[in-house]
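*Asks:* Residue numbers (full-length UniProt numbering), protein chains in the order written: chain A, 1 to 244; chain B, 1 to 244.
Take a look at the following structure, please.
2 protein chains.
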Amino acid sequence: MSSSSAASGRDDRDGTAGGRPPMREALVAAAFRLFLERGYEQTTVDDIVALAGVGRRSFFRYFPSKEDVVFPDHERCLADMTAFLAASGEEHEPLARVCDAARLVMRLYTENPAFSVQRYRLTKQVPGLRAYELSVVWRYERAFAEYLRGRFAGRPDGTLRADVIAAAVVAAHNNALRSWLRSDGEGDASDAVDRALGYVQSAFGEPAPAPPAETPEDVVVVVSRRGAPLWRVVQEIESTLARD
Amino acid sequence: MSSSSAASGRDDRDGTAGGRPPMREALVAAAFRLFLERGYEQTTVDDIVALAGVGRRSFFRYFPSKEDVVFPDHERCLADMTAFLAASGEEHEPLARVCDAARLVMRLYTENPAFSVQRYRLTKQVPGLRAYELSVVWRYERAFAEYLRGRFAGRPDGTLRADVIAAAVVAAHNNALRSWLRSDGEGDASDAVDRALGYVQSAFGEPAPAPPAETPEDVVVVVSRRGAPLWRVVQEIESTLARD
């Protein structure tokens, strides 16, 4: 606590300091070092700001609560993703577009594997963080669903399709991402996520447009029991050919 | 607060009283009356026990927290559902079984429409209850996923399929149930849930077992351009028939 008041005095100085890692990054780094050393519950915001050498006000300028420092990039990612979906046009196949949006989340994790793995372990241990993560996941799912509802407007059961597909995309993405996190960030998360999303696309994807049907004039199909006498088969062919 | 200490004195007496609605029901009824009158945040556990005429200890005997009184039946329902899935055999098609398990949750809502609609409105207004509900939904989804993972063990991408299908079932169920709750419990929730689950089954259901293929001896199929001369068609049939 005494270190906290000492740190408070340095608040403004840090706010204007340049040439070293941004204060926000320093706070995240300090927080995770303490979470890993002492445990999440045992670490206070005062401890974090003392280690980072900044004041409490600086912490709360960036993070509304201690939980938020564990997920420092999701607000930005949600905003990016929402903007990405809002920038979609009619030319984008809706499900493929949502899968691309999910890949933005994946990249948030894969651009810093060590941090992502640390956070995954932490989140598994702390029920409060698990609840926080569920609310983050829910917000991604709603962003997907809102986009799809817009694209499916006017279709029968449009909101149902939108909600189900959004949930399936999130579940597939998270299945692949969590496997990667459990393996300590080894292997190619991108391949795994692609395969997982491919499964959803195979279940819900629009069927590829059918090749133009051959015109009925082109082909005669005769199905006949092999035991049928040849004359019957020929008669059938003749009568079919004669039909126009 | 004074009413709370008065109520505490009645704790043991109420615990053994018979012949009126069970104390648990009385606590739920009192809680909802106050939540609707004053708002959820403005109602304390002391207020609830005072109105119900019981003591604090009675409340906490049934409900670990104020949030739990809002969802008084989910623990039982989760237990019932887990038991239902655990009692499944190889004869149950896994996806159909999970859909039946989801219907158990629906019935929890439809057996008391007025209460369910009240709670739906309350949950929409109170962020803390929304978070609680997300964690309940997550537990249902995990129960479905665990069951499906068991059934899909050994299949390629078994856990992926299990997680995605579990999420899709939950989303479909909730889409239909929420429509029903938004319409103040009018109409047939059961039909809506059936249709929603039917959509998931159409996306992920096992294809019906193919009818036994006709033995190759039975049928000859000839595909021919309609423009082909008849003699070429007959020649083709003859050579096919001669092939064994």
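All C-beta atoms, glycine included, are put in the ideal place defined by N, C-alpha and C.
1. Can you tell me where the alpha helix (DSSP H) holding residue 246/A begins and where it ends?
2. Measuring only the C-alpha atoms, how far is residue 53/A from residue 62/A?
3. Is any beta-carbon of chain A found at less than 8 Å from that of residue 143/B?
4. From residue 96/B to residue 201/B, what distance separates their C-alpha atoms?
5. Using a Cβ-Cβ cutoff of less than 7 Å, which residues in the same chain neighbour residue 104/B once the five nearest sequence positions on both sides are dropped?
6. Would a check of beta-carbon distances place residue 102/B closer than 8 Å to chain D?
7. Excluding five sequence neighbours on each side, which residues of the same chain lie with their C-beta closer than 7 Å to the C-beta of residue 34/B?
8. Hey, how far is the Cα of residue 31/A from the Cα of residue 64/A?
9. So for residue 161/B, helix, strand or coil by DSSP?
10. So residue 204/B and residue 168/B are in contact, right, with Cβ under 8 Å, and what is the actual spacing, rounded?
11. Please list, in chain order, the chain A residues whose beta carbon lies closer than 9 Å to that of residue 199/B.
12. Among 113/A, 25/A and 148/A, which residue has its Cα nearest to the Cα of residue 89/A?
13. Tell whether a beta-carbon distance below 8 Å holds between residue 164/B and residue 199/A.
14. Could you compute how far the alpha carbon of residue 36/B sits from the alpha carbon of residue 28/B?
15. Where does residue 126/B fall in DSSP's three states?
16. I need the straight-line Cα distance from residue 299/A to residue 155/A, nearest angstrom please.
17. Looking only at C-alpha atoms, which of 138/B, 197/B, 196/B and 189/B sits nearest to residue 108/B?
18. Helix, strand or coil for residue 166/B per DSSP?
19. Mind pulling the chain B residues with CB within less than 7 Å of residue 135/A?
20. Please indicate yes or no: does the CB of residue 113/B lie closer than 7 Å to some heavy atom of the ligand NAP?
21. May I have the straight-line CA-CA distance separating residue 146/B from residue 178/B, to the nearest angstrom?
22. State yes or no: is the beta carbon of residue 170/B nearer than 8 Å to at least one beta carbon in chain A?
23. Output the distance between the C-alpha atoms of residue 112/A and residue 122/A, rounded to the nearest integer angstrom.
24. Identify the continuous alpha helix (DSSP H) that holds residue 94/A and give its terminal residues.
25. State buried or exposed for residue 58/A, treating a residue as buried only when at least 16 other CB atoms are found within 10 Å of its CB.
26. How is residue 113/B classed by DSSP in three states: helix, strand or coil?
27. Is residue 41/A buried or exposed, if buried means 16 or more other CB atoms sit within 10 Å of its CB?
28. Is residue 128/B buried or exposed, if buried means 16 or more other CB atoms sit within 10 Å of its CB?
29. According to DSSP, is residue 80/B part of a helix, a strand, or is it coil?
30. Assuming residue 196/A and residue 176/A form a contact by the criterion Cβ under 8 Å, report the distance between their Cβ atoms to the nearest whole angstrom.
31. Taking beta-carbon pairs under 7 Å, can you tell me which members of the region 177-196 of chain A lie near chain B?
32. Taking 8 Å as the threshold (C-beta atoms), are residue 192/A and residue 180/A in contact?
33. Please state the DSSP three-state secondary structure of residue 65/A.
34. So which residues on chain B does residue 167/A lean against when the C-beta distance must stay under 7 Å?
35. How would you list, in chain order, the residues of chain B whose beta-carbon sits under 7 Å from the beta-carbon of residue 29/A?
36. Span of the alpha helix (DSSP H) holding residue 25/A?
*Replies:* Quick answer:
1. This structure leaves residue 246/A out entirely; chain A is present only between 1 and 244.
2. 15 Å
3. no
4. 8 Å
5. 77, 80, 81 and 84
6. This model lacks chain D altogether; the protein chains it does include are A and B.
7. 43, 47, 48 and 51
8. 14 Å
9. helix
10. 7 Å
11. 157, 160, 161 and 164
12. With respect to the C-alpha of residue 89/A, the residue from 113/A, 25/A and 148/A having the closest C-alpha is 148/A.
13. Closer than 8 Å, so yes.
14. Straight-line spacing of the CA atoms in residue 36/B and residue 28/B works out to 12 Å.
15. coil
16. Nothing can be reported for residue 299/A: it is not among the residues displayed for chain A, which extend from 1 to 244.
17. 189/B
18. Three-state result, residue 166/B: helix.
19. 131 and 134
20. The model on display carries no ligand, and the ligand NAP is accordingly not part of it.
21. 25 Å
22. Chain A places a beta carbon closer than 8 Å to that of residue 170/B, counting this residue as a contact.
23. 16 Å
24. 94-110
25. buried
26. helix
27. An exposed status is given to residue 41/A, since fewer than 16 other beta-carbon atoms sit within 10 Å of its beta-carbon.
28. Exposed: under 16 other Cβ atoms inside 10 Å.
29. helix
30. About 4 Å separates the two Cβ atoms, so the contact holds.
31. 196
32. Result yes, Cβ atoms of residue 180/A and residue 192/A sit closer than 8 Å.
33. Three-state result, residue 65/A: coil.
34. Chain B residues near residue 167/A: 167, 168, 170 and 171.
35. Residues of chain B passing the Cβ test: none, with the nearest at roughly 28 Å.
36. 23-38
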